[in-house]
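In this note's numbering, the protein residues as written are 19 to 234. Glycine residues also receive a C-beta, built at the ideal position from the N, C-alpha and C atoms. Every value quoted in this text rests on a predicted model; they were computed, and no experiment measured them. The structure under discussion appears below in the form of structure tokens.
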């Protein structure tokens, strides 16, 4: 009877470890923190509190519907349109402009924000999402950050693109690949543990049947 208890305990331990590994792989922190919708009317202020999941250089930006943004400002958002002579001959001004304040555990670290000085472009996710990058900041896990963004540009037309204020480490070199590799490793190890517990259960069942047959 005691042997059976130890067998059940061992199986339960393996299954528990497998579940923990699989859950850990699936629930890893997202590299993109969405702080919610932002009104780009001049003077509007948006605040968001968050805790980063990784020690990385994060981009602070505005994520929006790519197709709407391309239709409104093709010479800034559309890579294809940028190459056309019409866009090369004109200076298309991007209407979004923001000022930021950032604190970490209540301490003002706004001076650590690095403005993005690039003249155009952004981050694209397929054909659905475009993220304009306004600035960069290096963040670390374990701290609570509060970001305040104030719209200083005239970007009200972009309301139809459903803009969101985001803090993203998705562009950090090797981060997404590292997350994917870790997730795959944890999922595979969890699957191996579950398979091991199933084999253990099968061997135990056969052993018990054999023992009963011998006693009979």
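Put simply, the segment 57–66 does not touch the segment 129–148. Fewer than three CB pairs are less than 8 Å apart. Relative to residue 82, the option among 74, 55, 116 and 97 whose CA is nearest is 55. By the neighbour-count criterion, in which a residue is buried when 16 or more other Cβ atoms sit within 10 angstroms of its Cβ, residue 69 is exposed. Using a Cβ distance threshold of 8 Å, residue 148 and residue 132 do not count as a contacting pair.
For residue 159 and residue 102, the gap between their C-alpha atoms comes out near 44 Å.
Rounded to whole angstroms, the separation of the alpha carbons of residue 135 and residue 187 is 18 Å.
Shown here, residue 125 sits in a strand according to DSSP, grouped into three states. When the beta-carbon positions are compared, residue 183 and residue 94 stay at least 8 Å from each other. For residue 113, the secondary structure class from DSSP, reduced to helix, strand or coil, is coil.
A distance below 6 Å between beta-carbons, with the five flanking residues on each side excluded, links residue 115 to the following residues of its chain, in chain order: 170 and 171. For residue 113, the CB contacts under 6 Å within the same chain, skipping 5 residues up- and downstream, are 171, 172 and 173 in chain order. Ranking 100, 168 and 146 by CA distance to the CA of residue 111 puts 100 first. In the structure shown, the three-state DSSP call for residue 77 is strand. The closest CA to that of residue 127, considering only 90, 157, 150 and 104, is found on 157. A straight-line Cα-Cα distance of about 30 Å links residue 87 and residue 129. Rounded to the nearest angstrom, the Cβ distance from residue 80 to residue 177 is 12 Å, too far for a contact under 8 Å.
In summary, residue 78 is buried, with 16 or more beta-carbon neighbours lying within 10 Å of its beta-carbon over all protein chains present. Looking at the DSSP output, residue 169 shares a beta bridge with 116. Counting along the chain, residue 92 sits inside the alpha helix (DSSP H) bounded by residues 92–95.
Annotated three-state conformation of residue 49 is coil, per DSSP. In the three-state reduction of the DSSP assignment, residue 187 falls in the coil class. Cβ atoms of residue 166 and residue 123 stay farther apart than 8 Å, at about 15 Å.
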